[in-house]
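Novice: Sharing a structure below in structure tokens format, with a few things to ask.
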DNA sequence: TAGATTGTTAATCGATTAACAATC
DNA sequence: TAGATTGTTAATCGATTAACAATC
């Protein structure tokens, strides 16, 4: 079945420079599949069982062939005529998504949205047994918030970012500051050493190529729906 | 310049059945362009000026040719050699996105995330002069919340949805309930007559074809970033 | 074996971009 | 006019899907 394609495929996984070639859509769906598998395991009350691509597809809102095609970028995990062993597949995806250990995240901007997200992610991920995204530091400019705690974490002034991010090995920064300050906050985060930024401020941020930037514009999500009414 | 293509193009805009052909990516970018234009107007302190596609592109994080191509789906708004008249373009986009009047939205699930979103959208849109998404009703199962108010809106029990949604002409429902109840809440919303759903619960919802469903999975947004670390 | 299902190739589909004539 | 910029066609690129041999 596999041919010299396999060599290429292995490169894709092992060589950091080529890794980038797998499209973000595929990666996002991999995260979706992981969720689907975990849900299935809870539902069935057991970890080990065989699941066909059709089931994973249904739970993830994609086509079965898409699921198999996506997997094929990373290796062969299934058995023809049988399906995928759920727990093995789950572990493979965890490895692919680098979720074998906890990943430290910092939140910048602890306003309405910021604090809601801290709680949301805290609840959502802390119940996982495998590596999860762990809120490790909160930052805010507002001097009034300085010293106050939230979900067991002190809110720190922005000046502490470089120090704290290095010290706690934080790799991802979630930005929920007002648009005006988002760019400078992003730069500070990058200087402090984060590798990825999840941005909720409705601006286009400029970051160096080696930084993974993901923006979620909650207004635009809503706004574009007008078209369909 | 334009040929018989124009006929087709007009259909696309005027015929509801064919309208659907314009891809969601285009529509989302239109919303982005609108934001960019409004920002520019604030920045310049004036409404009327000419802006080239390159500027709009930079502010929206896309290529200039993409901007022009996107516009071309809806008509010709610019002047060769000159650019686009900002305020006219803005108005055109507002018309395209159906934002000429306020659009009523209901929030279902007024927990952490839900209440943060209410405030977020409230602030974000209420300062606009043109039509905006207006929170008109809040719903929650929790009987303790019954009667309490939030941002000037009473929190109502789910049973009231059909009645209230019809009465207040609500067209969009934002769902921020736990995964388990998301599907039934969506069905209730659809029965109540909403035309679009913005879903934040991390599940795949099933809705009839005529309902526009948009899902934002905040966990997946974060989770897939592990890959790039 | 027969039925189910994978992994992969090739075909299709759609979206982005390059190139350029038309126009201000 | 010369330079700038649009709108559109055609080319490219990438992603999805159909088809099917291989395998359990």
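Residue numbers (our numbering), protein chains in the order written: chain Y, 98 to 326; chain C, 98 to 326. Note that beta-carbon positions come from the ideal geometry of N, C-alpha and C, so glycine has one too.
(1) Near residue 254(C), what residues of its chain come up, given a Cβ to Cβ distance below 8 Å and the 5 sequence neighbours on each side ignored?
(2) Count the other C-beta atoms from every protein chain shown that fall within 10 angstroms of the C-beta of residue 146(Y), then say buried if there are 16 or more, exposed otherwise.
(3) Below 8 Å CB to CB, which residues in the same chain sit around residue 229(Y) once its five sequence neighbours on both sides are set aside?
(4) Taking any Cβ of chain Y, which residues in the segment 118–150 of chain C have a Cβ under 9 Å from it, in chain order?
(5) Give me the chain C residues within the contact set of residue 158(Y), using Cβ-Cβ distance strictly less than 7 Å, ordered along the chain.
(6) Rounded to whole angstroms, what is the Cα-Cα separation between residue 166(C) and residue 294(C)?
(7) Considering only the alpha carbon of each residue, which of 144(C), 279(C), 284(C) and 148(C) lies closest to residue 174(C)?
(8) Of all the residues that make up the segment 182–216 of chain Y, which are near chain C by a beta-carbon distance shorter than 8 Å?
(9) For residue 331(Y), name the three-state secondary structure that DSSP assigns.
(10) Quick check on residue 245(Y): buried or exposed, where buried means 16 or more other Cβ atoms within 10 Å of its Cβ?
(11) Can you tell me which of 308(C), 178(C) and 185(C) puts its alpha carbon nearest to the alpha carbon of residue 172(C)?
(12) Distance check for residue 181(C) and residue 209(C), CA to CA, integer angstroms please.
(13) Run the CB neighbour count on residue 177(Y), radius 10 Å, all protein chains shown included, and call it buried at 16 or more, exposed below.
(14) Please state the DSSP three-state secondary structure of residue 235(C).
(15) Pull up the DSSP beta-bridge partners for residue 181(C), would you.
(16) Less than 7 Å separating the beta-carbons of residue 129(C) and residue 169(C)?
(17) Could you list which residues in chain C have their beta carbon closer than 8 Å to that of residue 292(Y), in chain order?
(18) Is it true that the CB of residue 234(Y) sits closer than 7 Å to the CB of residue 272(Y)?
(19) Applying the 10 Å Cβ sphere with the 16-neighbour rule, what's the burial state of residue 277(Y)?
(20) Short of 7 Å Cβ to Cβ, which residues in the segment 221–241 of chain C face chain Y?
Specialist: Taking the geometry as given:
(1) 236, 237, 238, 240 and 243
(2) exposed
(3) 196, 199, 200, 222 and 223
(4) 119, 121, 124, 125, 126, 127, 128, 129, 131, 132, 133 and 136
(5) 301
(6) 28 Å
(7) 148(C)
(8) 193, 194, 195, 196, 200, 202, 209, 210, 212, 213, 214 and 216
(9) Nothing in the structure corresponds to residue 331(Y), since chain Y is present only between 98 and 326.
(10) exposed
(11) 185(C)
(12) 42 Å
(13) exposed
(14) strand
(15) 148(C) and 175(C)
(16) no
(17) 325 and 326
(18) no
(19) exposed
(20) 221 and 230
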